Ligand code: ADP
């Protein structure tokens with residue numbers, strides 16, 4: 001009920017269109033009743049032999065259908081108008097909410113599931129929001145009209161209809177309950193189909209090389225079968241209910257026919273009235289059946305709405321800070337910072353203490369899984385610290401509004417995300433969309449994007465394809481770096497930002513990046529130690545702790561973990577033939 005009321009909130013603002021539709025359906029219902037009345041007139045005319053009235057009868061049937069046509073149009077149009085707006089708004093609300101959901105939500109749910117909600121489930125909602133209303137109105141009013149007419153003709157006979165009411169109600173109730181459960185399964189199966197397909201499509205290379213085609217086909221067959229089975233259950237439920245209800249109606253009509261032909265009763269009615277009465281009863285069969293479908297329709301819609309509202313009700317990112325950042329100096333302080341992803345999970349960061357002066361470059365090194373990316377991700381508040389705090393210019397970062405905080409940070413990470421558009425649009429993404437062409441060009445120049453863009457047919461305006469599939473890993477990474485350069489933010493996070501570049505391009509871009517780092521607080525995470533030798537301080541992390549810190553020379557002198565790592569990498573690179581370059585790698 002609550003879900004339904006909430007859904008009706010979406011309908012509420014479109015009440016004028018809704019009224020139009022109600023008027024349309026009233027007209028429709030009246031015309032239906034009028035056609036029963038017409039039959040009465042027709043038979044009586046024939047009986048009386050009043051054939052001079054035939055012109056009126058002929059015109060009347062035209063009129064009835066004309067009016068019915070208008071009613072149908074108004075009713076359908078008004079309701080579709082409301083329905084499509086409800087879908088649109090619901091979808092929009094869902095999407096807007098996706099933009100403010102915390103990172104943890106994205107880690108927990110599959111993208112297929114979310115896509116299915118945006119496409120399939122939202123459509124299902126109309127069932128409850130408007131289709132059910134349409135039938136309730138159109139068929140409900142028709143039933144009322146016909147019923148009223150029958151009462152007027154012969155109320156005793158008509159009351160027979162009331163006997164089956166509770167039986168129909170009970171059957172419909174059982175069906176509806178079953179429908180809701182099945183409907184949830186169908187929605188889930190659509191999500192599974194989307195997920196399964198998306199994985200196989202995105203990972204097609206791995207699928208082919210590792211002989212996964214059959215596995216993928218099997219998995220897809222399973223989820224598609226599951227969808228088929230659940231949908232069939234739905235159809236069966238529906239198809240069993242409908243004939244049962246129709247049989248009940250037929251039973252009543254049979255009984256009526258039998259009783260109505262009782263000589264005592266029939267005398268009260270003219271032949272026309274009698275025929276019209278039975279026709280009206282027969283005309284009710286269809287609307288009554290439709291009315292019984294309403295509840296399962298509502299159940300389907302409600303199951304869908306629930307799944308949509310579930311997302312909309314998920315707590316968004318905490319954004320209670322009110323301070324705005326202006327003229328940021330970029331002083332960072334990590335104060336007894338600890339972090340776990342799940343409340344019962346293992347500690348990923350353990351009592352990190354670190355002061356970063358404005359403009360300083362801090363490098364994080366350490367084994368993979370030691371918590372470097374996690375630490376960097378806490379700065380833009382993708383997650384919040386479990387214990388301790390991070391201060392920016394003396395204030396806990398939670399005191400700033402999220403938008404203002406993130407506005408101060410440029411981030412380049414290993415997985416470059418490119419959007420469908422041109423290289424230039426990808427560099428000037430989001431809030432930077434109104435940067436001048438010169439600004440974009442100079443960022444592209446600094447990140448060595450121009451180098452390869454010049455060889456492309458349309459230079460910086462070349463389209464990159466979905467997620468930049470038309471570019472190499474190194475090229476994509478350079479675009480991401482150009483994006484960060486263009487943002488010109490006081491805090492820079494480079495998380496394996498040059499990992500996909502060959503050694504030579506890396507050296508070039510390193511120069512460019514070092515220019516960019518001037519005067520900015522920078523956190524660099526790099527696997528190749530050669531790229532961080534010039535950092536002001538290097539932190540060596542292991543299992544969520546900082547074990548060593550100092551500048552390159554100091555750490556070498558300490559002869560600890562860093563010195564070891566360095567020796568190891570140094571000897572590796574020394575082994576490489578000097579003439580060969582490492583190719584771009586993903
Ligand atoms: P690094 O960047 O040093 O390779 P990460 O910060 O990525 O390390 O990961 C640190 C630890 O946190 C790892 O043990 C990893 O399994 C865990 N981890 C990373 N991301 C998540 C996540 N979204 N949910 C749960 N655990 C995670």
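Residue numbers (full-length UniProt numbering): 1 to 586. For glycine and all other residues, C-beta sits at the position ideal for the given N, C-alpha and C. Here the structure is a predicted model, which is why all the values come from computation and not from measurement.
Between residue 91 and residue 31, the gap from beta carbon to beta carbon reaches 7 Å or more. For residue 107, the shortest separation between its Cβ and any heavy atom of the ligand ADP lies below 6 Å.
Looking from the CA of residue 544, the closest CA among 252, 457 and 341 belongs to 341. Out of 375, 208 and 359, the CA that lies nearest to the CA of residue 366 is found in 375. Taking non-hydrogen atoms of the ligand ADP into account, the C-beta of residue 4 is found less than 6 Å away from none of them.
For the pair residue 71 and residue 14, the CB atoms are not nearer than the 7 Å cut-off. Using a cutoff of 6 Å, the CB of residue 374 counts as near the ligand ADP, since one of the ligand's heavy atoms is closer than that.
Going by beta carbons, residue 189 and residue 230 fall inside the 7 Å limit.
Taking the C-beta atoms as reference points, residue 443 is found no nearer than 7 Å to residue 417. In terms of Cβ geometry, residue 146 and residue 280 form a close pair [threshold 7 Å].
Residue 305 has its CB no nearer than 6 Å to any heavy atom of the ligand ADP. Per DSSP, residue 21 is one residue of the alpha helix (DSSP H) stretching across 15–48.
Taking residue 440 as the centre and dropping the five residues before and after it, the same chain places the C-beta of 424, 427 and 428 closer than 6 Å to its C-beta, in chain order.
In this structure, the straight-line span from the alpha carbon of residue 430 to that of residue 407 is close to 11 Å.
Inclusion of residue 525 and residue 496 in the CB contact set at 7 Å is warranted, their separation being smaller than that value. Under DSSP, the beta-bridge partners assigned to residue 545 are 542. C-alpha of residue 555 to C-alpha of residue 542: approximately 15 Å in a straight line. When beta bridges are read from the DSSP output, residue 451 appears opposite no residue. With a cutoff of 7 Å on beta-carbon distance, residue 214 and residue 196 are scored as not near each other. DSSP places residue 311 within a helical segment (H, G or I) once states are collapsed to three. Less than 7 Å divides the Cβ of residue 332 from the Cβ of residue 521.
At a threshold of 6 Å, residue 338 does not count as near the ligand ADP, since its beta carbon sits no closer than that to any of the ligand's heavy atoms. With the rule of 3 Cβ pairs closer than 8 Å, the region 448–463 counts as touching the region 498–514.
With distances taken between CA atoms, residue 186 lies nearest to 226 out of 177, 226, 150 and 160. In the three-state scheme derived from DSSP, where H, G and I count as helix and E and B as strand, residue 550 is classed as strand. Counting the other Cβ atoms within 10 Å of the Cβ of residue 468 gives 16 or more, which makes it buried.
Beta-bridge partners assigned by DSSP to residue 522: 361 and 492. According to DSSP, residue 339 shares a beta bridge with 349.
Here residue 319 has 401 and 402 as same chain residues with Cβ atoms under 7 Å from its own Cβ, once five neighbours each way along the sequence are excluded. Relative to the ligand ADP, the beta carbon of residue 348 is positioned inside 6 Å of a heavy atom. Residue 462 is not a Cβ neighbour of residue 471, given a cutoff of 7 Å.
Annotation: residue 157 is outside any beta strand (DSSP E); the continuous alpha helix (DSSP H) that includes it extends over 132–158. One alpha carbon belongs to residue 432, the other to residue 410, and they sit about 12 Å apart. Between the ligand ADP and the CB of residue 400, the shortest heavy atom gap is not smaller than 6 Å.
In this structure, the beta-carbon distance from residue 129 to residue 86 falls below 7 Å.
At a threshold of 6 Å, residue 341 counts as near the ligand ADP, since its beta carbon sits closer than that to one of the ligand's heavy atoms.
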